[in-house]
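Trainee: These protein sequence lines are chains U and G, in that order. Just so we're aligned, residue -19 is where the first sequence starts under the numbering used here, counting upward by one. Just so we're aligned, residue 9 is where the second sequence starts under the numbering used here, counting upward by one. Don't be surprised by glycine CBs; every beta carbon is placed ideally from N, CA and C.
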Amino acid sequence: MCYVAFKPDNCMWLACEQINCEKSLTFSANSSKKRIFQSFPEKPARNLLSKLIKMKHNIQKQRNIGISAHIDAGKTTLTERVLFYTKRIHTIHDVKGKDGVGATMDFMELEKERGITITSAATYCKWNQFEINIIDTPGHVDFTIEVERALRVLDGGILVLCAVGGVQSQSITVDQQMSRYNVPCIAFINKCDRNGANPLRVKDQLNHKLGHNAVMLQLPIGLEADFKGVIDLIAMKAIFFEGANGEERRVTEIPDDMIQTALEYRETLIDEASMFSDNLTEAALEEQVTEPLLIEGIRNGTLSKKLTPVLMGSAYKNIGVQALLDAITQLLPAPSEISNRAIDYDNNNQEVVLETDPNRPLVALAFKLEDGPYGQLTYIRVYQGELNKGDTVFNVRTGKKVKIGRVIRMHADQMEDITKISTGSIGALFGIDCASGDTFTSEKVQLSMMSMFVPDPVISLSIKAKDNKSEIQVSKALTRFTKEDPTFRVTTNTETSETLISGMGELHLEVYVERMRREYNADVEVGQPLVAYRETITKRADFNYTHKKQTGGAGQFGRVAGFMEPLDEPFLFTNKIVGGSIPTQYISSCEKGFKDCINKSPVYEFPITGVHVVINDGASHSVDSSEMAFRAAAIGAFNEGYKRAKPTILEPVMNVVVETPPEFQGPVMSTLNQRRGMIVGSQDQGSYCSIESKVPLSEMFGYSTVLRSSTQGKAQFTMEFDSYRPVPVSIAEQIKKDLELSKKQAKE
Amino acid sequence: MMNNNQTDAMQKILDRIVEKKRQDGGFGAVIARAGVGKTALLVQIALYSLLEKKNVLHVSLKDSINKVCLWYDEVSNKIERLLRSPQFSPDIWDTILMHRMIMTFGEDRFDTKTFHERLSDLTEQGIFYPQLIIVDGLMIDGQNISIFEDMKKLARELNVFMWFSIQSHRHEVAEIHHLPPSFIPLKALFDATFHVIPKGNTIDIQLKTQIDFDFQPEFVLDPETMLIRTPTV
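(1) How would you write the range of the beta strand (DSSP E) that THR232/U sits in, first residue to last?
(2) For the alpha helix (DSSP H) containing LEU687/U, list its first residue and its last residue.
(3) Pull up the DSSP beta-bridge partners for CYS142/U, would you.
(4) Does the beta carbon of GLN356/U come closer than 8 angstroms to any beta carbon on chain G?
(5) Taking a Cβ distance cut-off of 7 angstroms, strictly less, list which residues of the stretch 79 to 113 of chain G are near chain U, in chain order.
(6) When you compare the CB positions of SER154/G and LYS46/G, do they come within less than 8 angstroms of one another, or not?
(7) Leaving out five residues before and five after ASN59/G in sequence, what residues of the same chain have Cβ atoms less than 8 angstroms from its Cβ?
(8) Excluding the 5 residues preceding and the 5 following PRO437/U in the sequence, name in chain order all residues of the same chain whose CB lies nearer than 8 angstroms to its CB.
(9) What residues of chain G sit near GLN663/U, judged by a beta carbon separation below 7 angstroms?
(10) Which residue wins for smallest C-alpha separation from PHE169/G, given the options TYR137/G, GLU132/G and LYS75/G?
(11) If we call anything under 8 angstroms between Cβ atoms a contact, is ASN108/U one with THR309/U?
(12) Tell me which residues share the same chain as LYS183/U and place their Cβ nearer than 7 angstroms to its Cβ, disregarding the 5 neighbours each side in the sequence.
(13) Does the beta-carbon distance from VAL121/U to THR153/U come in below 8 angstroms?
(14) Is MET158/U close to chain G? Criterion is C-beta to C-beta, closer than 8 angstroms.
(15) One question on the structure: do SER440/U and LEU480/U come within less than 8 angstroms of each other, judged by their Cβ atoms?
(16) Which class does GLY616/U belong to by DSSP, given the choice of helix, strand or coil?
(17) Just confirm the distance between the C-beta atoms of ARG497/U and VAL504/U, as a whole number of angstroms; I'd bet it's less than 8 angstroms.
(18) Please look up how many angstroms separate the CB atoms of ILE25/G and ASP199/G, rounded, as I've assumed it's under 8 angstroms.
(19) Taking 8 angstroms as the cut-off, does the stretch 521 to 530 of chain U touch the stretch 455 to 465 of chain U (at least 3 CB pairs, one atom from each stretch)?
(20) Under the assumption that VAL742/U contacts PHE574/U (Cβ atoms under 8 angstroms), give the Cβ distance between them as a whole number of angstroms.
(21) State the Cα-Cα distance for the pair VAL204/G and ILE213/G, rounded to the nearest angstrom.
(22) For the stretch 183 to 200 of chain U, enumerate the residues whose C-beta is nearer than 7 angstroms to any C-beta of chain C, in chain order.
(23) Give a yes or no on whether 8 angstroms exceeds the smallest Cβ distance from LEU55/G to chain U.
(24) Counting only the same chain and skipping the five closest in sequence on each side, list residues whose C-beta sits under 8 angstroms from that of ILE360/U.
(25) With 8 angstroms as the threshold, decide whether the Cβ of ILE155/G is near any Cβ in chain U.
(26) Evaluate contact between the stretch 693 to 709 of chain U and the stretch 617 to 637 of chain U, counting only Cβ atoms and requiring at least three cross-stretch pairs below 8 angstroms.
(27) Ordered along the chain, which non-local residues of its own chain (more than five positions away) have a Cβ less than 8 angstroms from that of LYS716/U?
(28) At the level of alpha carbons, what is the spacing between ASN152/G and THR120/G?
(29) By alpha-carbon positions, which one of ILE275/U, LEU304/U, ASP236/U and ILE169/U ends up nearest to ILE45/U?
(30) What does LEU25/G touch in chain U if you count any residue whose Cβ is under 7 angstroms from its own?
(31) For a contact defined as C-beta to C-beta under 8 angstroms, what are the partners of GLY666/U on chain G?
(32) At a Cβ cut of 9 angstroms, what residues of the stretch 126 to 158 of chain G count as close to chain U, listed as they run along the chain?
(33) Suppose contacts are defined by Cβ-Cβ distances below 8 angstroms. Is GLN139/G in contact with ASN63/G by that definition?
(34) Taking 7 angstroms as the cut-off, is the C-beta of LEU127/G nearer than that to any heavy atom in the ligand ATP?
(35) Who does PHE156/G pair with in a DSSP beta bridge?
(36) What's the call for MET(-19)/U, buried or exposed, on a 16-neighbour Cβ count within 10 Å?
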């Protein structure tokens, strides 16, 4: 019997009982078979190894990558070119092309109409015998969960940057998301053909703004309208992209006038890469740097996230995309080179490292759900083992067994039936009932993949179906949307009986309402957007409340005393009861009572945050005290203390970044100022400037129209949640009045 | 460890320099070698003015807005560490942010005309009227002398005091007035200079100014935080 295991650091461990051998060996995709066999001379081990090496090399030739960037940096256009050059599609369609077809990855009607990506779409292609799974993600921060999900399951990323805009606000967010999931990335500076393109400045911004150690792998040949090709600093050749769609690569010597610059940049590249490879350092000292050695150094740096290789081109003009594909295969990690961890529920919730080994028990993560014409489609990433059609797997969350029916591979909205999803790969399943984030295992091992970060919604909208037929459709749509998107929530206002949908921004909710109309034929009325206000206390206050009901029937008695004070965390309960003034069995009832109050404040009725409740005294009755009595006493105590603790309303404040030509800086600042915005600063970028500010969300509704009219449509803005801040007194009064009015209207 | 009296003393000195010369478009400089802490000192100066609720415009020719914000966070934390008491409660910090504005330029793109235009955008729209301007990262060389002269005119026009960071070099041994030779032609424009001079294991801080004080101002650089303070009594 032989056992073998591949470790994430490329170390292979082998134990062969027959020959009583146990050895480990480090090898890479380039290690020769001979070298490996020398270390394992025994025949059974060799046979097994032979098979395994083939399998290992297959894993080594697999890439799971995501394309992320700021809005309009060209992610979808780049993906379209990637699919064309890898022969997955035979015609290029542009995002807002005149043919009206739209890019392959923007398959939703709404995406085509608006020219934006709303859902991340997965596809698969082959390049130089490498299998590449690609996920194209949206740029709008409203759909940030799509980026989170994609990065959660990807091994490498391409950070697309605009050669004119450089590192923009959303690039920073995407970069933070990549860091959160430890995803190594390469940067692609797109739009080098645009006026004002300056890839070298963008590379500097990568260092200064994002703290990367960016290093140029290419230099542009010409810029703006003269952008013709790139100089490859590894091979020291000039590459031009010719043919109707840039499909023919013409490799020539570097133009004479650029040789000196290219040599200088190559020198820097070798210096930086040699920090990650001793072999390269030695070769550099002996001035014998070879291409494979240089690539090894750059790759090591990239995988350790200490180096960011920078490539460039123009996806729209078909320049530089094939070189990017080469870089993906050469520099980004194979699934086996990434350390993926899961929580072992059987072993005190300890973290375990998963092995990209088809022979190990299956561990797979359902990272995205989509409701298609044939039922629920579950996107899944297999981290360990293999997932075959017909297998019975185990859903760790529900504890239920699930039989795998159809296994497919996605290509935008089209699908190909496959028989299995191999280890480290991404695919989709049909007809599986599960939730987003569920882990599947092949046996009853309690391993769960770590969850992804889900931000809380900041904006709500009331919706109402216009007729009975629509009501059923709306209900169906809401059930589906909440299942698909964890940032989309549905609640009901108990007083007004309104259905409220909550999400990450105006656009987010607008898209869902539109989808209800189009996909479900539901006629809905939409109310004014509502901001997700919260409340907190601003000072310490004591409470001492007695809940007493001792007239007739079973009595109720409980006294709870203590204090509440402001806190940085959402809620904390501390029990400082000594001497048993409240019996131990009722403490948890008190806590529950306080927690009940957090959901809805007794003053403005918003959820409460930032409260530390301490109980230090109380009283009980030997007969009339009960869990219910103490729960009621805690609620009374909270209401008493809360009103004394000077409560205040908190409102979501957004980080708003406006990019505008410099001549409109004044008017733009003025529009922000009028919206109670605090302007943090302005950053001069030459042809445009970006203004960073913090503005309450309630003031941002309809801002895009205002911005368009005050800048002749030349400015654009992005906004994302920053923090909750107290609202000014006058606004709080207005909110209170509005609340009372809506209650009154609901009663009528 | 610094105490509140020492911050008060620092604040008084800086305030006196600024208020005495603000109407004339006063200039101040923090002169130091690279890495000695010019930006931290400028931010410290800015924070003392912000605590006085003065509007401060921070112009950086080398850092992004986020990085400048981080400087403020870090220096304010250091001041609190030095004092071992919270100086910047959330309320005070909110007020500080309302009085602070950051402008960043690429070093190669900074010129007085553009700066004037940006500043006018702020003042004409009634968004921000600076009382103190911090300019970090403007290099001094033969070509930049006219920029400093133009900035002086601007400071006079707007009645603001401007603090600059001036980088000295190791090879420019401070022989002439202990100042970098490149700074000498500009010396007349400046009303006060803080010169940070490493001497062996210690770092000297020299304030040179024509402004009268009732006492002899003395400073030391706190080795732990690299912030300036008045000596321990």
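Mentor: Inspection of the coordinates gives the following:
(1) 228 to 232
(2) That run of the alpha helix (DSSP H) goes 683 to 690.
(3) GLY146/U and ASN170/U
(4) no
(5) LEU105, MET106, MET109, ILE110, MET111, THR112 and PHE113
(6) no
(7) Going by the sequence as given, residue 59/G is Leu instead of Asn. Cβ neighbours of LEU59/G beyond the five flanking positions: GLN19, GLN95, ILE100 and ILE104.
(8) THR467, PHE468, ARG469, SER482, GLY483, MET484 and ALA512
(9) SER72, ILE73 and THR112
(10) Closest in C-alpha terms to PHE169/G, from the list TYR137/G, GLU132/G and LYS75/G, comes TYR137/G.
(11) yes
(12) Result list for LYS183/U: ALA194, MET196 and VAL290, in chain order.
(13) yes
(14) With its beta carbon at least 8 angstroms from every one in chain G, MET158/U lies outside the interface.
(15) yes
(16) helix
(17) 7 angstroms
(18) 7 angstroms
(19) no
(20) Residue numbering for chain U in the displayed model covers -19 to 728; residue 742/U lies beyond these limits and cannot be assessed.
(21) If you take the alpha carbons of VAL204/G and ILE213/G, they lie about 5 angstroms apart.
(22) Of the protein chains in this structure, namely U and G, none is chain C.
(23) no
(24) ALA344, LEU345, ALA346, PHE347, LEU367, ILE401, ILE406, GLY407, ALA408, LEU409 and PHE420
(25) no
(26) Verdict: yes, contact present.
(27) Cβ neighbours of LYS716/U beyond the five flanking positions: TYR584.
(28) 11 angstroms
(29) LEU304/U
(30) Per the sequence shown, residue 25/G should be read as Ile rather than Leu. Within 7 angstroms Cβ-Cβ: nothing; ILE25/G doesn't reach chain U, min ~25 angstroms.
(31) GLY114 and ARG117
(32) ARG126, SER128, ASP129, LEU130, GLU132, GLN133, GLY134, ILE135 and PHE136
(33) yes
(34) The ligand ATP is absent from the structure shown, which contains no ligands of any kind.
(35) Paired residue(s): none; PHE156/G is not in a bridge.
(36) Interpretation of MET(-19)/U is limited by its pLDDT of 39, a score under 50 that renders its predicted location unreliable; the figure taken from the coordinates is listed afterwards. By the neighbour-count rule (16 or more Cβ atoms within 10 Å), MET(-19)/U is not buried but exposed.
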